[in-house]
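Using the working numbering, the letters of the sequence shown map in sequence onto residues 134 to 393. Have a look at the structure below before the remarks.
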Amino acid sequence: MTTRGPVPAAEVTRVVRGLGRIMRRHGVEGPVRARLHWPDSDDENTIAQISIRTLGKAFRVQVAGPGRFATTFALERLDLRLGCPPEEASRPWPDPARPPLAVVTGPRPIVRRKDCRLQVATAGAAALTLDAMDYDAHLYIDAETGADAVVCWSGPLGARPLRQHRDSVPALLEDEAAARLCLGGVSYLFFTDPDTRRGRLVYRRFDGDLALVTAAGSEDRSRDRGLAPRAISVPCVRRTIPEQSSPQPSLCFTDRLVPE
């Protein structure tokens with residue numbers, strides 16, 4: 134377990150014991166990674182994140198809330214996820230434990246980049262990854278069209294895909310996308326980079342700043358779309374952006390459909 138902030142020792146013990154009970158209940162073996170960020174102020178939320186790999190598949194839950202309620206919700210969420218067949222979605226929608234981070238603010242900086250080898254998948258398979266990893270939006274390559282796409286949670290409908298060249302995906306620079314997200318009051322934005330022509334996903338973090346998901350090797354503008362898709366499962370490489378003296382203005386549309 135990794136902790137940050139003044140986490141009470143009793144809360145660490147409670148989480149470890151809760152994880153042990155859940156793993157025994159579901160017959161799960163293997164390492165579990167838990168992260169607990171306890172704020173200094175009662176006005177801020179606790180952030181609990183639990184990651185586990187079982188049956189050859191990765192699962193993650195992430196919850197923000199007041200004090201120990203966040204850890205309780207995270208444990209309950211993991212218990213629900215492990216009790217559901219891997220091929221079925223476990224997350225209810227609308228999701229009371231994960232209200233959307235949709236709020237109008239001034240421009241916020243992009244403080245984290247995730248360069249990922251994107252999954253080639255159908256929209257249905259991408260939606261299962263969305264659910265398993267507890268994302269609000271998930272960037273992937275659509276197996277049908279070969280285009281970059283996002284699957285995301287949308288209104289009362291559940292998960293829906295947004296595909297380049299088929300849906301209204303804007304072409305924006307990074308700072309333009311970040312500004313549109315903040316000023317538009319949405320929690321994430323799928324857009325096309327006008328230089329590389331690759332899809333990118335910018336989203337709001339729990340701390341209010343932004344993160345950007347890009348395709349690994351997206352600087353290669355000559356990607357051959359004629360090649361048959363190949364499923365890839367490679368972890369993202371996360372890069373922290375150096376602090377700047379002043380924030381740069383750096384879903385996915387209002388009709389919402391898929392860290393560390």
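Cβ atoms here follow ideal geometry from the backbone N, Cα and C, with glycine treated the same way.
Buried versus exposed call for residue i [16 or more other C-beta atoms within 10 Å across all chains shown]
i      : result
Leu306 : exposed
Arg150 : exposed
His298 : exposed
Arg189 : Sequence inspection shows Gly at residue 189; the Arg mentioned does not correspond to that position. Exposed, because fewer than 16 other Cβ atoms sit within 10 Å of the Cβ of Gly189.
Asp328 : exposed
Leu215 : buried
Ala142 : exposed
DSSP three-state assignment for residue i, whether helix, strand or coil
i      : result
Cys217 : coil
Pro392 : Per-residue confidence for Pro392 stands at a pLDDT of 34, beneath the threshold of 50, marking its modelled position as unreliable; the derived number appears in the next sentence. Residue state, collapsed to three classes: coil.
His89  : Since the first residue shown for the chain is 134 and the last is 393, residue 89 is missing from the structure and cannot be characterised.
Phe206 : helix
Thr454 : A question about residue 454 goes unanswered here, because the residues of the chain that appear run from 134 up to 393.
Asp342 : coil
Gly189 : coil
Thr238 : coil
Ala222 : coil
Asp357 : Interpretation of Asp357 is limited by its pLDDT of 44, a score under 50 that renders its predicted location unreliable; the figure taken from the coordinates is listed afterwards. Coil, per DSSP.
Val196 : strand
Of the listed residues the options, nearest to residue i (C-alpha basis)
i      : options                        : result
Leu152 : Lys190, Leu251, Glu209, Asp175 : Glu209
Val140 : Thr238, Val302, Pro172, Glu162 : Pro172
Met134 : Arg154, Arg296, His170, Ile155 : His170
Arg330 : Cys315, Arg337, Ala142, Thr347 : Thr347
Ser174 : Arg166, Gly160, Gly198, Pro164 : Gly198
Ile274 : Cys285, Glu220, Ala259         : Ala259
Val253 : Gly279, Lys247, Pro233         : Gly279
His159 : Asp212, Thr204, Arg337, Phe192 : Asp212
Val336 : Ser351, Leu272, Ala276, Ala292 : With the sequence shown as reference, residue 336 is identified as Tyr, and Val is not the correct amino acid for it. Of the candidates Ser351, Leu272, Ala276, Ala292, the one whose C-alpha sits nearest the C-alpha of Tyr336 is Leu272.
Thr262 : Ala222, Ala181, Asp300         : Ala222
Cβ distance (whole Å) where residue i is taken to contact residue j below 8 angstroms
i      : j      : result
Asp267 : Gln195 : 5 angstroms
Ala349 : Arg245 : Ala349 to Arg245, Cβ: 15 angstroms. No contact.
Arg333 : Phe339 : Arg333 to Phe339, Cβ: 20 angstroms. No contact.
Ala207 : Ile183 : 6 angstroms
Along the chain, which unbroken stretches of the beta strand (DSSP E) at least 3 residues long are found entirely within the region 265-311? 270-275, 281-287, 291-296
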